[in-house]
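What follows is a single structure, written as structure tokens, with notes after it.
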Amino acid sequence: AAPAAEPTEAPAAEEPAAEEPAAEPLTFGVVLVGPANDHGWSQAHAEGAQYVADNLGANLILFESLNPADKPEATLDGVVDDMISQGATLIITTSDEFEEDTATVAASHPDVIFINASGDDVHTGEAGPNLGNVMGRMEDMKAIAGCAAALTTQTGSIGYVGPLINFETRRLVASAYLGAKYCYENYRGLDPADLDFAVTWIGFWFNIPGVTLDPTEVVSNFIDTGSDVIMSGIDTTEAIDVVGQRFAADEVVHAVPYDFIGACETAPAACLGVPFFSWGPAYLALAQSVQDGTWVQSWDWNAANYNALGDPTQTDVGWVPGEGLSAEASASLDQFIAGLASGEINVWTGPINLQDGSEYIAAGATATDDEIWYLPQLPEGVEGPSE
Amino acid sequence: MRVELQNIRKHFGEVRANDDISLIFEPGKIYGLLGENGAGKSTLMKILSGFQKPDGGKIILDGKARRFDSPADALAAGVGMLYQEPLDMPPFLVLENYLLGQRRGFAVNARQAAKDLRELGKKYGFDIQPEEHIRDLSLGERQQLELLRLLAGGAQLLILDEPTTGISTEQKVLLFDSMRKLAKDEGKTLILVSHKLDEVQDLCSQVFVLRKGKLVGEAKLPCPNELLVNLMFEKLPPRRERASREQKQVALELKDAVVATPRLELQPLNLTVYAGEVFGLAGLEGSGQEILLKACAGLLPIRSGSMQLGHQPLDQLDYHAARAGGISYMAAGRVEEGLVAGLTLTEHMALVDQEAGFFVDWAGSRARTKERVQHFQVVGTSESTVEQLSGGNQQRFLFAMLPSSLKLILLEHPTRGLDIRSTDWIWQQLDERRKDGTAILFISADLDEVVERSDRIAVFSGGRMSRVVDAAKTNAEELGHLIGGEQ
Amino acid sequence: MRPGWLDRIWPLLPVLAALAFTSVLLLLFKASPVVAFSAMLEGAFGSSERILNVIAFWIPLLLCAAGLLITFQAGLWNIGIEGQIILGSIGATWVALSLELAAPLQITLEILAAMAGGALWAGIAGWLKTRGGVHEIFGGLALNNLAIILTNYLISGPWQPPEGGSFRGTVPFGEHALLPLFDGSRFSPLALILAGTAFSIVMIALRNSTWGLKLKALGRNSRSAFLLGVSSNREAVLAMMFCGALAGLGGAVRVLSWFDSLRQSISGGIGYLALLVVMLAAYRVLWVPFVAFFFSAVLNGAIVLQLRTQLHSSLGDILTGVMVLFVLLLGDPIRLRGLRRAKDDG
Amino acid sequence: MDNGQLIAVLASILLQASPLIIAVCGETLTERAGIVNLSLDGTMLLSAMTGFVAAHLTDNLMLGFAAGAAVGAFFALIVAFSSIQLKQSQVATGFVLTLLGDSLSAFLGQEYTRLPGPSVPHFAIPILKDIPILGPIIFNQDGLVYFAILLIFATSWWLFRSRPGLELRSAGERPEAAFARGVNVRRLRYLYTVIGGALVGIAGAAYSLDVKIGWSEGHTRGLGWIALAIVIFGGWSPVRGAIGALLFGATKAAATVLQRAFPEVSVVAFNALPWLLMIGVLLLVSNKIVGRLLVNAPPALKRPLQRMLQVAPPAALGTELKNE
Ligand SMILES: Nc1ncnc2c1ncn2[C@@H]1O[C@H](COP(=O)(O)OP(=O)(O)OP(=O)(O)O)[C@@H](O)[C@H]1O
Ligand SMILES: Nc1ncnc2c1ncn2[C@@H]1O[C@H](COP(=O)(O)OP(=O)(O)OP(=O)(O)O)[C@@H](O)[C@H]1O
Ligand SMILES: [Mg+2]
Ligand SMILES: [Mg+2]
């Protein structure tokens, strides 16, 4: 399993039957839910896959934009069948959208290893023996992002563009908020009750015209209604795009994009930094183990490598600061990061109440992985729907 | 302007609409152009006015041979044509409509143009309101506008194709006066295309007669009508005297019926039509008679009051219920309302077949069509599509589709645009119907027809229905006055 | 002009032109047309599974196209068919999630619910047109998006899987709720039988039924048809609902055999594709099944095209679209001659 | 939301609506001439893509818009040709082009997804921008907005005040009559279809170069259809059309605001608003409804109501010229 991960006790998986000799290069397939160049979620996976291909000399079969809207005629098992017919022995499906289908297809191809990114079938024990999960611990990075936002906002109002509502997106918003709250209180010495942190859900991972809210308009609306820092939780780059435009029109606004390490380049000056996924190392480890036949089923929730937070080759999730960050802000941010690294700061420390006022984490206690992973509701203080 | 047509030819597929026609029109005179339906009058005039291109032949104006690519060309050369349905722009303002096509200036100087238009109107005794919408004008007024437009465009030769159908007596008088004036005082050439012999006699100094696309004769006027009729039709069946009505049962009865459209609301109507009776409705288009007819057909709801067919009330009936109940409605436009272009006669027959089941009985329908086409002397086959029929034959086919037994037939302009022969034939059919007690309620813009064919008559003006007059005791003049709104 | 050999081979012209056009596109992207088209061929017919896939995808397409033949006959542009497919799958899902019956009964109910759903959505569009005067193109379009939004609401709300909201779709239905599949493929013989029946019904309705004749009249001239005794509004709405029912059936096939659960935007443009099918078939009933099959093959081929060449799979849509466009532009030698004549006399 | 924020929101709505306004003006010209260019959705997608790519490669905004306009004009030309020359159904051609534009933009634009590119610079108009309320809303925008506003008045002057406009409308109202008056109907229809198409193309580019900066697959999907509906709602008049576009923009903004106002309501529910609005307004202006309304309206109100509500399409819309 990948570095710094804690494999949970999965039902002891017996080794998959067929094994090819390590000599010949591995062939692996990667299925993306969106386009490989969306500067967001899917591109991060695509580059991770490429990283494996380069470092392992493995040959990669990539398939992008697999979703009923784009390809009514395509189905996961159809694509996977073809990949396997081309010799793939490892298939990575890179979205929570694929969780069920991956399980089904995995069952029908017992001698091929399947990895579903961001799923939890292994954790819940539903997974067959040849199916694993991997996910990066983005929560901490979101906390950093939230902190950067809180350190920068002048209006005390932060807008978060959320995709659709599920456990993953909920806990990410929560972490961002908790990070923001911590820094607003401890570094700027302001009352966190005054921090206005609102989330607007567009209704899907990315913009589907006419069906979701248009993120462009959501961001404009945030700015118009007084938010001066916009955080993105969606797969695509509208937040930084719009903020860049407004910034160029001499408005004081900043953005924290998401997912893709290069996301700031659209408007560097307006960018406070980006919490990014770097799937390369994790995928490389997985591919390696599959090639060597040493793969063991696990649910990997890989934490950041704080010694190389900005280096996609050494961490699974990371943070690169942006030019938009003021000097003292980045000073405080570095303190915060150091705190997280050493473990003396944990933003998931109680008291944490849910939106309905009920207590979730008691004062002094810290949230367990499961409490974080399965957060039922947004925490108190976040404005916006919870389901 | 002296106009000479040499060997004009125009064929539509098999049809020889114009077959080697040569004519001469002298300046300062008014000519008549006569002929049965489909004789080729309109075609010839459309060619002369640049709306259609001849397959062969020459047009010579004051000795110069001309080719027209468009009516605008023709007008520039001094030839203007006034169509029965004026070629204007219903939603436009009178002024816009007048300005359209005049090549001067980029932005429009509305005030100046309006002034010009008014003055021009005065000159010919027309009263023009430049700020009105065309669609709010009567047919007659729209005609006057067209006339002015053509004159302003410099027309030396004016062609009027069946101009008097659907306009009031006053307007007709006004029109004829202006025509005479144009001929006498301004030395213009005028051509009147018409089926109404007395109009032609009254106005023209000379007529040309076409038949089946050929010029078959000419005559100096005045001359006996018989001569003209014989020129137009080889043989004209003798006019049968129509049986006068005997039945006394009520066929249709309206009591204080109120009908309204967004445009016009009728005064409460009280009307009784007897079985076997022919009831004529006169009035300018848009005076309300169409609304009454539509209401009887179930196309417009009766908003208050009552309506009865025989003894069953019909207040809230819908069109299809009315059909089922023995009421038939024939709208004025044939191909637009009543026939479906692209469908064959057989398909039409199958469509109106009362006892049609889920499946179409093609064999039966075809047989029935052949039989009807035969009996109603429709020129066409069971497989020809309706738009291939000429106007007269379309009208015949509409009659051929009528169910056998009916209580009430509602007709809008049953003979508009038809020649004497078809007209007589149509009325024969209706007389047959009257014999078995069918009541007939019809609208016609031709007052003579109304007087001649009806038993009783009512006149509409501005949404009011006049007293009911007995056809035997009235005449076109009286109706004319009623149309004017007198009591 | 006499119809010579030119006229006989003419129908091929648009097809060739379309292939040429797409080849140029491929060359622009430095891909070999040969490789690309052979990849598509392989993707469509390369293996029995693939062929079965093509057939499976063909079925809903055929159902929709059959329905559209009816609405086109009535002169209606049923662009709302996308939404009708979706409502069909929603109807089927509703039964699948809420009932637990023996397979035959369960499936029958699902199919009926699906057809009802599609008919309902089409009926609304028809009603908006006849009674409300909203053109069916716009009514249908709005309803399409509303249908997608409704799906998203259902799969993220009331019908969300127990493990929590997501846009993945509903939980997979039980075996008894799904159409029996031909060994392991997505092809359901039952669905094929249903589609075949539906198509023949449409064919008969258009050729020999009084209703078909009424619709024809309606399509050519609603005013006259109305005056000749056709209940124009009612027949128009019926035509829409008939098409909607077939589309809904197509939707059922999507959720009950192609997928195993309700997904977001389940129709994914099949309805629009069906419109193209009917247009490419030039509204000729007998051509429709073949054109539909061809479209299904092209799209399935495009998947493998993308896998092999990493080219965007919308190439398949381009190929079909361009083909229809060229049929409109060059498909009819008569019109083109008319064009030449028009040029002649200026 | 305080006043300053309200003004900011209104300004955004105006910006968001600008491309729609441009497209609506273009299509209004086309339809007034008697041709329905149904391909708007595909046209806008393809021109958004081309416009962005051109601007991205040349780093020149104007070239971007020019490219967009060219694409729009070309698609419109296809529609005009197939209907005027070949007498094909305009709806059929338009619909095919709609789908084709969509897939072509996806294919040709695949390598240019979400790249940074030039965007229309903000430009506040010196004195005007200080007018209270209106200033910040209308005159503190960028060139696109000013262009859209000018276009509204230009097109409606052209249509209803100028002589060429008179001929343009006549071609759409009664081509036979126009022909009889020497108007070259065919040429006019070609001309205005292409001009209208070019404007639609500019609108498409306006999205990728300003309002929804950048390119991604399906970038403007759906908006072309909205524009077509707004043309109807606008009764084929640019000014009313513009109002429709703003109304639509406002509804979308509302959807965003409402979600925060009512967190208990399912978030997808609000996404339905624009489409419900579309049906609603079309119902409102449909002659069936208005007709019923007018019959029962008090006589005093009839005329104003009629003028306000009843919109009749150009009588010859979608039909071909029948001379001969
Ligand atoms: N555009 C056309 N296409 C085909 N046939 C035509 C066309 N115009 C006229 N015809 C045919 O040419 C013949 C002459 O038509 P035309 O309208 O000139 O006769 P007409 O004398 O004006 O008849 P009416 O007295 O009814 O107006 C008719 O048989 C008619 O069917
Ligand atoms: N093509 C048309 N031309 C003119 N009027 C029409 C047309 N279609 C419908 N109408 C009007 O709409 C009304 C209802 O139309 P129609 O009767 O065809 O539909 P329907 O379903 O039969 O309605 P109903 O149930 O009221 O009979 C009719 O009374 C008629 O006035
Ligand atoms: Mg005539
Ligand atoms: Mg009815």
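Chains as they are written, first to last, in our numbering: chain A, 40 to 426; chain B, 1053 to 1539; chain C, 1258 to 1603; chain D, 73 to 396.
Using N, Cα and C, we set each Cβ at its ideal position, and we do this for glycine too.
- According to DSSP, Phe-153(A) shares a beta bridge with Ile-130(A), Leu-170(A).
- Going by DSSP, Glu-1339(C) is part of the alpha helix (DSSP H) stretching over 1338–1355.
- For Gly-1109(B), no alpha helix (DSSP H) run applies; the uninterrupted beta strand (DSSP E) run containing it begins and ends at 1108–1113, by DSSP.
- At least one CB of chain D lies nearer than 7 Å to the CB of Trp-1334(C).
- Residue contact with chain B for Glu-103(D): absent (no Cβ-Cβ distance below 7 Å to any residue of chain B).
- Residues of the region 1356–1373 of chain B with a C-beta less than 8 Å from any C-beta of chain C: Tyr-1371, His-1372, listed in chain order.
- Only exposed fits Asn-1527(B), as fewer than 16 other CB atoms lie within 10 angstroms of its CB.
- The beta carbon of Val-250(A) falls within 7 Å of a beta carbon belonging to chain C, placing the residue at that interface.
- The beta carbon of Asp-174(D) sits closer than 6 Å to the beta carbons of Gly-114, Leu-117 from its chain, once the five residues preceding and following it are set aside; these are given in chain order.
- Per DSSP, the continuous beta strand (DSSP E) segment holding Val-70(A) begins and ends at 66–70.
- Interface with chain C (7 Å Cβ-Cβ cutoff): Ser-242(D) is excluded.
- In this structure Asn-1277(B) is exposed. Its beta-carbon is surrounded by fewer than 16 other beta-carbon atoms within 10 angstroms.
- Rounded to the nearest angstrom, the gap between the Cα atoms of Ala-1549(C) and Thr-1577(C) is 11 Å.
- Secondary structure of Tyr-322(A) (DSSP, three-state): helix.
- Under the Cβ criterion (8 Å, minimum of three pairs), the region 1130–1139 of chain B counts as touching the region 1191–1205 of chain B.
- Here the region 1340–1352 of chain C lies against the region 1362–1375 of chain C, with 3 or more beta-carbon pairs under 8 Å apart.
- Here Ser-371(A) is buried: its Cβ has 16 or more other Cβ atoms, across all protein chains shown, within 10 Å.
- Looking from the CA of Ser-191(D), the closest CA among Ala-113(A), Gly-283(A), Val-313(A) belongs to Gly-283(A).
- The region 1375–1423 of chain C is shown to contain no whole beta strand (DSSP E) run of 3 or more residues.
- Under the three-state reduction of DSSP output, Ile-1472(B) falls in the helix class.
- In this chain, the alpha helix (DSSP H) harbouring Ser-259(A) covers 254–263.
- Short note on Lys-1093(B): C-beta closer than 6 Å to some heavy atom of ligand 1.
- The beta carbon of Asn-260(A) lies closer than 7 Å to none in the same chain, with the five residues before and after it left out.
- Using beta-carbon distances, Glu-336(D) does not count as an interface residue toward chain B, since no partner is under 7 Å.
- Taking 7 Å as the cut-off between beta carbons, the residues of the region 339–352 of chain D near chain A are Val-339, Val-340, Asn-343, in sequence order.
- According to DSSP, residue pairing for Gly-1332(B) in a beta bridge involves Phe-1494(B), Ile-1509(B).
- By the criterion of a C-beta distance shorter than 6 Å, Ser-1190(B) is surrounded in its chain by Leu-1336, once the five residues flanking it on both sides are discounted.
- The Cβ of Ser-358(D) sits closer than 7 Å to at least one Cβ of chain C.
- The C-alpha of Val-1311(B) is placed about 8 Å away from the C-alpha of Ser-1356(B).
- The residue from Glu-362(A), Arg-209(A), Ala-342(A), Gly-319(A) with its alpha-carbon nearest to that of Gln-394(A) is Arg-209(A).
- Each residue's CA atom was taken as its position, placing Leu-1556(C) and Glu-112(A) some 7 Å apart.
- Pairing Ala-166(A) with Gly-218(A) gives a Cβ-Cβ distance that is not under 7 Å.
- Taken in chain order, the whole alpha helix (DSSP H) runs of length 4 or more contained in the region 1252–1317 of chain B are 1277–1284.
- If you draw a straight line from the Cα of Lys-1266(B) to the Cα of Ala-1091(B), it is about 8 Å long.
- Of all residues in the region 182–194 of chain D, only Thr-185, Arg-186, Pro-188, Ser-191, His-194 come within less than 7 Å of chain A when Cβ atoms are compared, listed by chain position.
- Taking every protein chain shown into account, the CB of Ala-85(A) has 16 or more other CB atoms within 10 angstroms, so this residue is buried.
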